[in-house]
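Participant: Handing you this structure, nothing more for now.
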Amino acid sequence: MAVLLHCFPSPPRAKPGDSPRPVPGRSLTCERIPLLSTMEPKMQMQSYRDFRISLLATCVTIRESQTCEADNSVFNMPLLFAIAMIGATVGGLLARQRRGELKRLNDQLRQINAALRRQAKIESYAPNLSYAPVGSRLEESEVVVDPRKEHLITRLRTGKNYLRNQNLEKAFTEFKAALELAQALGDHVEAKKAARGLGASLQRQGKYREAIKYHSTVLDISKKAGEDSGITEAYGAIADCYTELGELEQAGKFYDKYISRLEND
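So the sequence shown is residues 95 to 359, counted in the numbering used here.
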């Protein structure tokens with residue numbers, strides 16, 4: 095008590111009947127302590143005890159609130175840590191899987207380049223060699239009799255010109271009409287050409303899902319007709335579409351088929 099009283103200059107003694115006045119510049123808590131000197135000894139002790147009890151209760155309340163917050167934080171830490179660890183693990187696995195797919199794709203593209211270089215070298219040794227399937231060219235004496243067949247060939251040629259000039263929507267329209275005509279005539283060879291043109295026009299427009307559908311039609315027609323012209327190109331086109339879609343596993347499967355056909359051709 096003596097220490098507390100020395101910390102603050104004692105105010106003037108209050109006269110009997112005067113109410114205590116706060117000293118300017120001091121806090122309420124600090125002001126109440128020096129005023130104890132104006133009280134009777136018994137009252138001073140009682141007031142000091144009340145002050146200590148109040149101060150102790152405040153400290154206990156603060157301590158309990160801090161302990162509760164700490165307990166809650168400690169309780170939440172294992173759950174948050176587990177969630178963070180699971181997220182990091184899953185992210186790491188996906189990243190490794192993605193790296194593996196990209197590496198495999200890169201290796202496949204190298205194989206494709208090597209196969210294409212070998213093929214180009216062979217062709218350079220025999221530039222006049224024709225690789226067209228037997229019976230694919232029309233004999234000079236052969237005349238198209240069916241007007242629908244003539245219309246089909248015209249549609250294919252027009253679609254090809256539109257495709258070459260990057261007029262992709264018109265190319266799609268021409269190839270679509272050609273495919274319907276070819277299916278009506280039961281002409282598998284021309285149907286594959288039309289389907290390949292549809293796939294190419296959609297692929298160049300960035301419509302990869304639809305393009306895959308028509309490139310797959312080429313494979314279906316070849317399977318039904320029992321001849322494999324255009325299959326190699328269809329595998330490569332489908333693989334390219336899946337690569338653009340980011341589905342590298344599917345792309346890898348079709349690149350494997352494409353590489354196998356390149357090496358066996």
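We treat Cβ as the ideally placed atom computed from N, Cα and C, and that holds for glycine.
Grab me the residues of Gly253's own chain with a C-beta within less than 7 Å of its C-beta, minus the 5 sequence neighbours each way, in chain order.
Facilitator: The residues are Ala265, Glu268, Phe269, Ala272 and Gly291.
Participant: Under 8 Å, with one C-beta from each stretch per pair, do the region 278-295 and the region 326-343 reach the 3-pair mark?
Facilitator: yes
Participant: Would Tyr302 and Glu338 qualify as a contact pair, given that the criterion is a beta-carbon distance under 7 Å?
Facilitator: yes
Participant: For Lys244, count neighbouring C-beta atoms within 10 Å of its own C-beta (all shown protein chains included) and say buried if the count is 16 or more, exposed if not.
Facilitator: Checking the displayed sequence, the identity of residue 244 turns out to be Glu instead of Lys. When all chains shown are included, Glu244 counts as exposed.
Participant: In three-state terms, what does DSSP make of Ser323?
Facilitator: coil
Participant: If I'm right that Tyr349 touches Leu199 with Cβ under 8 Å, what's the distance once you round it to whole angstroms?
Facilitator: 7 Å
Participant: Select from Lys351, Leu250, Lys347 and Ile315 the residue whose C-alpha is nearest the C-alpha of Lys286.
Facilitator: Ile315
Participant: Would you mind sorting Glu217 into buried or exposed? The rule is 16 or more other CB atoms within 10 Å of its CB.
Facilitator: With a pLDDT of 42 at Glu217, under the threshold of 50, the modelled position of this residue cannot be trusted; read the value that follows with caution. By the 10 Å Cβ count, Glu217 comes out exposed.
Participant: Could you say which of Arg193, Glu341, Leu246 and Leu342 lies nearest to Val283 if we only look at CA atoms?
Facilitator: Leu246
Participant: Excluding the five sequence neighbours on either side, which residues of its own chain have a C-beta within less than 8 Å of the C-beta of Leu259, listed in chain order?
Facilitator: It is worth fixing the name first, because residue 259 is Asn in this sequence and not Leu. Excluding positions up to five away in sequence, the list is empty.
Participant: Taking the beta carbon of Ala278 as the centre, do at least 16 other beta carbons fall within 10 Å, making it buried, or is it exposed?
Facilitator: exposed
Participant: My understanding is that Val312 touches Ala345, with C-beta atoms under 8 Å, so please give their C-beta distance in whole angstroms.
Facilitator: Between Ala345 and Val312 the Cβ distance is about 17 Å, and since that is not below 8 Å, they are no contact.
Participant: Could you tell me the alpha carbon to alpha carbon distance between Gly320 and Arg193, rounded to whole angstroms?
Facilitator: 39 Å
Participant: Rounded to the nearest angstrom, what separates Leu403 and Asn358 at their Cα positions?
Facilitator: Absent from the structure is residue 403, since the part of the chain shown begins at 95 and ends at 359.
Participant: Let me know if Arg249 comes out buried or exposed under the rule of 16 or more other beta-carbons within 10 Å of its beta-carbon.
Facilitator: Buried, by the Cβ-count rule.
Participant: For Tyr352 and Pro241, I'd like the C-alpha separation in whole angstroms.
Facilitator: 37 Å
Participant: Mapping the DSSP letters down to three states, classify Lys301 as helix, strand or coil.
Facilitator: In the three-state DSSP reduction, Lys301 falls in the coil class, being neither helix nor strand.
Participant: Please state if the CB of Arg204 and the CB of Leu262 are separated by a distance shorter than 7 Å.
Facilitator: no
Participant: Following the continuous alpha helix (DSSP H) through Asp240, name the residue where it begins and the one where it ends.
Facilitator: Per DSSP, Asp240 belongs to no alpha helix (DSSP H) and is neither H nor E.
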